[in-house]
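Input: a single structure, listed below in structure tokens.
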Amino acid sequence: MTTAAVAALSACAPPPEPVKPPPQVVIPPRPWPPMGAAPNLTIPQIGPDGIRRTVNTGISHYQTVWNMRSAYNVAALNCQKPEHAAILNGYKQFLKDNSKALTKVNGELDKQFKSDYGSKYIRERETYNTQVYNYFA
Numbered sequence: 000m001t002t003a004a005v006a007a008l009s010a011c012a013p014p015p016e017p018v019k020p021p022p023q024v025v026i027p028p029r030p031w032p033p034m035g036a037a038p039n040l041t042i043p044q045i046g047p048d049g050i051r052r053t054v055n056t057g058i059s060h061y062q063t064v065w066n067m068r069s070a071y072n073v074a075a076l077n078c079q080k081p082e083h084a085a086i087l088n089g090y091k092q093f094l095k096d097n098s099k100a101l102t103k104v105n106g107e108l109d110k111q112f113k114s115d116y117g118s119k120y121i122r123e124r125e126t127y128n129t130q131v132y133n134y135f136a
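Each residue of the sequence shown is one higher than the last, beginning at 0 in numbering that gives the first Met the number 0.
Here it is as structure tokens:
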């Protein structure tokens, strides 16, 4: 009888409230870099001196000259619209006017990379130059 009474009383109880689903987690969309920058662009870390650590950080005078030549080269290759014609012409003139100095700089950099990397210097220099071109591109 006790079982029957419990069953009868439980039938009179209100049904349990349905379990509410957990609140939906909204994941915001990934932010995009400004001004058409590549989505996988890596921003260089800031050093203890407050300056970002790029391929141009802590380089020699010769490397600075060569990196500026590389930057000018990237500009000449990428700025092909008629209104940018002066960039290509300026780059050609820069190479002509500075050919002896640039040849010396290139030779000094080869010596430095040979000293630093031995027989692997060509690969190391090409890898570095790729980073420089990508930085300016």
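Ideal Cβ positions, reconstructed from N, Cα and C, are used throughout, including at glycine.
Just the C-alpha distance for Met-34 and Tyr-134, rounded to the nearest angstrom, thanks. Within the sequence shown, residue 34 is the residue found at index 35, counting from 1. Within the sequence shown, residue 134 is the residue found at index 135, counting from 1. Each residue's Cα considered, the two are about 16 Å apart.
Is it right to say Gln-62 is buried, meaning 16 or more other beta carbons lie within 10 angstroms of its own, or is it exposed? Working through the sequence shown from its first residue, we reach residue 62 at position 63. Around the beta carbon of Gln-62, 16 or more other beta carbons lie within 10 angstroms, which makes this residue buried.
Sort Thr-41, Asn-77, Asp-48 by Cα distance to Ala-136 and report the nearest one. The residue labelled residue 136 in the question sits at position 137 within the sequence shown. Ranking Thr-41, Asn-77, Asp-48 by Cα distance to Ala-136 puts Asn-77 first.
When we look at the beta-carbon of Arg-29 and count the other beta-carbons within 10 Å, is it buried (16 or more) or exposed? Walking along the sequence shown from the start, residue 29 turns up at place 30. So Arg-29 counts as exposed.
Does the stretch 101-118 come within contact of the stretch 56-75, defined as at least 3 CB pairs closer than 8 Å? Below 8 Å, enough C-beta pairs join the stretch 101-118 and the stretch 56-75 to call them touching: three or more.
Sort out for me which residues DSSP pairs Ile-45 with in a bridge. Indexing the sequence shown from 1 puts residue 45 at position 46. DSSP output for Ile-45 lists Arg-51 as bridge partner(s).
Between Val-104, His-83, Thr-53, Pro-47, which has its C-alpha nearest Thr-41's C-alpha? Looking up residue 41 in the sequence shown gives position 42. With distances taken between Cα atoms, Thr-41 lies closest to Thr-53.
In the DSSP assignment, the alpha helix (DSSP H) including Thr-56 goes from what residue to what residue? Position 57 of the sequence shown, counting from 1, holds the residue named residue 56. Per DSSP, Thr-56 lies in no alpha helix (DSSP H) and is assigned neither H nor E.
Name the residue from Asp-115, Gly-89, Pro-27, Gly-49 whose alpha carbon lies nearest to the alpha carbon of Ala-70. As a working mapping, residue 70 is identified with position 71 in the sequence shown. Shortest Cα-Cα distance from Ala-70 to any of Asp-115, Gly-89, Pro-27, Gly-49 involves Gly-89.
Which class does Leu-94 belong to by DSSP, given the choice of helix, strand or coil? Counting from 1 along the sequence shown, the entry for residue 94 is found at position 95. Look at Leu-94 here: in three-state DSSP terms it is helix.
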